[in-house]
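The sequence shown lines up with residues -15 to 264 when you count with my numbering.
By construction, the Cβ of each residue, glycine as well, lies at the ideal position given by its N, Cα and C atoms.
Just so you know, these numbers come straight off a predicted model, no measurement behind them.
Have a look at the structure below, then the notes.
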Amino acid sequence: MPARKAITGRSQEPRKRYAEELRRLRTARGLSLRALADAVGWDPSLFMKLESGKTLGSPEVAEALDGFYGTPGLLLVMWELAVGDPTQFKEQYRRYMLLEAEAVSLWHYSVSAPPGLLQTAGYAREALAAGWIKGHELDQQVEARLGRRQLLESDNPPLFRVILSEAVLRTSLSDLDAWREQLEHLAEVAERPNITLQVLPFSAGPHGLMNTAVKFLRLTDGRTVAYTENDLRGELVEDNAPVEELQRRYDAMRDLALPPAESRKFILRMLEEMPCEPSI
């Protein structure tokens, strides 16, 4: 049987397809980037980056372009698919990302950094740059990481429990403004109804996950899988026995953590302890 030909010949990867569709719609109108920018109201450099795939932009831009081109909802849907496209993540993380998008509840323990789902742009950029990522790849990975936050900001977000080691809150960024923004974001999300945030203080002492960052995903079929990681690699754990062992350790550690209300106060105290901006 002969191989089936592609109907359009366009990319099947959501991120690339979004860029191609934006370029196709503009050129079909005979518009330059500057003319489009003048009509829609953003800088021409943004549309150049969108059409080259260097950025996905925001949902507001997608909605504005839908209105301009008369494609109600089409570009916004394509943007959503592109944001969730697992191919934008490094290959070793893609299987986890697919499962994360389907999970009905999540539990995380973070050893030294806020979980990616709760990171601000400033934190993500400095953390990723520390791993020697730079240039276009850095921009794309920051955008991909921030795109994951859509999972918690959707109309029907999963339940999310996160325990932060005190080390997370003591390891500041070199950019103090970006670090303040990150702490403020943690304090804000701690008040959301679908998020339970707890701090594990140093005073809790040794526990069973001292050197292991772990994430649990409760899937739609009732299974729970785990994902452990360090700075170099991550491992998806699907067998029942090791998942249950990790859960026992997580539960024992959770008993040592501060209650949610006390945890938020702890974060607010960290904000108060930050150096004041110098007076002019």
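- Between the beta-carbon of Pro185 and that of Glu150 there is about 5 Å, and that keeps the pair under the 8 Å contact cut.
- At the C-beta level, Gln182 and Ala241 come within 8 Å of one another.
- In the structure shown, Thr11 adopts helical secondary structure according to DSSP, grouped into three states.
- Pairing Arg79 with Tyr211, the inter-Cα distance amounts to about 10 Å.
- Close CB contacts of Glu110 within its chain, under the 8 Å cut and outside five residues either way in sequence, are with Leu157, Ser158, Asp159 and Ala162 (chain order).
- Leu49 sits close to Leu6, with the two beta carbons spaced by under 8 Å.
- Secondary structure of Val152 (DSSP, three-state): helix.
- DSSP, read as helix, strand or coil, puts Gly37 in coil.
- Taking all protein chains in view, the Cβ of Leu216 is surrounded by fewer than 16 other Cβ atoms within 10 Å, so the residue is classified as exposed.
- The continuous beta strand (DSSP E) containing Val198 extends over residues Ala197 to Arg202.
- When rounded, the separation of the alpha-carbon atoms in Leu122 and Leu20 is 27 Å.
- A straight-line Cα-Cα distance of about 20 Å links Pro243 and Lys199.
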